[in-house]
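Numbering (UniProt numbering), first residue to last: 1 to 548. Note that CB positions come from ideal geometry on N, CA and C, so glycine has one too.
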């Protein structure tokens with residue numbers, strides 16, 4: 001039974017093959033593929049066009065060329081290729097080479113390749129009623145106007161325009177096979193998402209010809225996949241841009257503030273070149289390029305401000321003092337707003353306990369004239385003054401304060417007399433058993449007028465005690481006797497002490513001035529750091545909002 005059915009199938013196909021061969025010979029006997037296959041030349045031949053998008057091969061933004069892989073179907077009726085299927089054993093359709101029949105010269109109008117790109121010469125399907133179906137694949141390169149303003153969050157619309165090259169609308173009328181392109185067999189692209197392919201039929205009039213021309217335009221709606229560009233272009237730019245404000249937080253003494261700004265600027269320049277190489281040299285600039293330019297401008301400004309602030313920080317002794325308005329505005333107010341404090345201070349430290357930038361030394365109870373341990377021009381280490389007053393210490397100590405209350409003149413005369421008495425005791429050798437004595441502490445404003453040192457005192461100072469002459473809050477251990485000695489050596493000693501005191505005053509004033517300028521620079525650094533942080537944040541939000 002199986003053999004019988006197999007024999008019937010073979011015989012039937014052999015019969016159809018015989019009739020197909022006979023049919024092809026009959027159809028091609030008087031047929032010409034050079035002429036438009038219509039019975040009435042005044043009538044237009046209707047050609048149906050349908051496009052199936054298979055793959056997006058490439059999108060060259062710089063050259064603005066879209067490369068696609070299409071399946072093109074064209075359907076028309078040939079009036080000279082009809083037959084009666086009953087005469088040919090009910091043969092309804094045959095496949096024949098496309099070169100044997102007439103084909104419409106439909107081409108891609110906006111092609112961008114140098115070579116001719118069109119459908120391949122595949123076989124056509126010929127039906128008994130004269131209908132011809134021609135399915136052919138084609139790789140097309142079409143020009144596409146790329147708008148990169150919103151790169152990498154951009155949408156692109158690329159047109160594929162098809163039409164007859166030589167036949168006008170009165171000869172060949174092109175119609176839509178479907179309202180849009182077929183995306184059922186579309187292969188997803190790694191860079192672009194296809195969101196549709198609508199089609200529209202247009203009738204165009206050209207200046208060269210008076211007849212209308214019909215054309216079919218397919219618009220390819222593409223959306224860029226932005227993940228690659230976010231992680232490779234945007235995110236590094238965001239991170240690098242946040243380094244610009246941190247340059248103000250870097251200590252000026254490190255010497256790397258300007259180097260950091262230049263390094264960040266070079267890094268952004270590299271990313272800017274990467275974007276420029278992939279974008280077309282068009283008039284419109286992408287937002288990411290604008291973001292790079294804005295960030296580079298901001299970093300250039302921050303580097304310039306850093307150089308200006310470093311000049312303020314390294315103001316030397318030749319600089320002028322900080323102006324009063326700068327002290328009030330920057331040192332007093334802005335330093336609190338931006339939490340700029342000295343070492344060891346914080347925002348919770350009371351104002352009275354903070355170390356002032358330029359401390360004062362007021363005359364207080366610790367002056368030489370108010371010290372209970374000071375007697376007769378000397379500062380006694382023992383708390384009992386009776387040891388050094390020949391039994392009259394208490395009375396003498398009380399008289400000392402009385403003399404202090406009577407004025408500086410009497411007091412100075414009293415101390416000078418006691419000083420001379422002590423010098424006489426030193427000459428007689430009576431002072432060798434006396435306890436250790438210290439000279440009285442004097443303030444820097446008292447250094448304008450000081451008594452000379454007795455020669456024996458100088459010898460006693462250098463050989464026995466080796467005391468140091470200190471400045472400011474430390475004790476300057478010299479006799480408090482205010483009277484002048486006619487001795488030239490004593491006057492020279494006074495001049496030397498005054499010179500040392502003046503040097504300390506100048507050095508301290510210079511240190512205070514330098515410290516004030518450094519604090520001004522530090523406050524300005526902190527101020528610009530927050531300003532640039534806000535600018536970077538706003539620019540980042542703006543670019544994201546524009547892109548979305």
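Between residue 160 and the set 90, 74, 301 and 221, the nearest pair of CA atoms involves 221.
Taking a cut-off of 8 Å on C-beta distances, the stretch 31 to 46 touches the stretch 97 to 110, as three or more cross pairs fall below it. Every candidate alpha helix (DSSP H) stretch fails here, since none sits fully inside the stretch 179 to 228 while reaching 4 residues.
Separation of residue 489 and residue 498 (C-alpha to C-alpha, rounded to the nearest whole angstrom) is 14 Å. Straight-line measurement puts the Cα of residue 216 at about 6 Å from the Cα of residue 163. In the three-state reduction of the DSSP assignment, residue 247 falls in the helix class.
Residue environment analysis places residue 247 among the buried positions, since at least 16 neighbouring C-beta atoms fall within 10 angstroms of its C-beta. Around residue 105, the same chain offers 164, 165, 166 and 167 as residues with beta carbons nearer than 8 Å, after the five sequence neighbours per side are excluded. Here the alpha carbon of residue 255 sits roughly 52 Å from the alpha carbon of residue 144. The Cβ-Cβ distance between residue 108 and residue 140 falls below 8 Å. Using a Cβ distance threshold of 8 Å, residue 148 and residue 284 count as a contacting pair.
Between residue 81 and residue 45, the CB-CB gap reaches or exceeds 8 Å. In the three-state reduction of the DSSP assignment, residue 39 falls in the coil class.
Between the C-alpha atoms of residue 529 and residue 507 there is a straight-line separation of about 33 Å. When secondary structure is reduced to three states using DSSP, residue 503 falls in the helix class.
Selection 19, 513, 324 and 219 evaluated against residue 314 yields 513 as nearest (Cα-Cα). Residue 50 is not a Cβ neighbour of residue 211, given a cutoff of 8 Å.
By a beta-carbon distance limit of 8 Å, residue 93 does not contact residue 192. Their separation comes to about 38 Å. By the neighbour-count criterion, in which 16 or more other beta carbons inside 10 Å mark a residue as buried, residue 157 falls on the exposed side. Under the criterion of beta carbons closer than 8 Å, residue 272 and residue 289 qualify as touching, at roughly 7 Å.
Within the same chain, 75 and 125 come within 6 Å of residue 133 by CB-CB distance, once the 5 residues on both sides are set aside.
Judged by DSSP secondary structure, residue 46 falls within the beta strand (DSSP E) whose first and last residues are 45 to 60. Contact check for residue 523 against residue 335 passes: the beta carbons are separated by less than 8 Å. Between residue 299 and residue 244, the C-beta spacing is below 8 Å. Residue 152 holds the alpha-carbon nearest to the alpha-carbon of residue 544 among 329, 38, 152 and 55.
A direct Cα-to-Cα measurement between residue 42 and residue 78 gives close to 15 Å. Residue 77 is bridged by DSSP to 131. 129 is the residue among 129, 531, 329 and 279 whose C-alpha sits nearest the C-alpha of residue 85. Less than 8 Å divides the Cβ of residue 268 from the Cβ of residue 292.
Annotation: residue 233 to residue 170 spans about 54 Å, alpha carbon to alpha carbon.
Our two residues, residue 527 and residue 150, have alpha carbons roughly 34 Å apart in a direct line.
Closest in alpha carbon position to residue 270, among 87, 501 and 237, is 237. In the DSSP annotation of this structure, residue 166 is not part of any beta strand (DSSP E), being labelled neither H nor E. Counting of Cβ neighbours within 10 angstroms places residue 38 among the buried residues, the total reaching 16 or more. Within the DSSP secondary-structure output, residue 67 pairs in a beta bridge with 58 and 141. Residue state for residue 311 is assigned as helix, using DSSP reduced to three classes.
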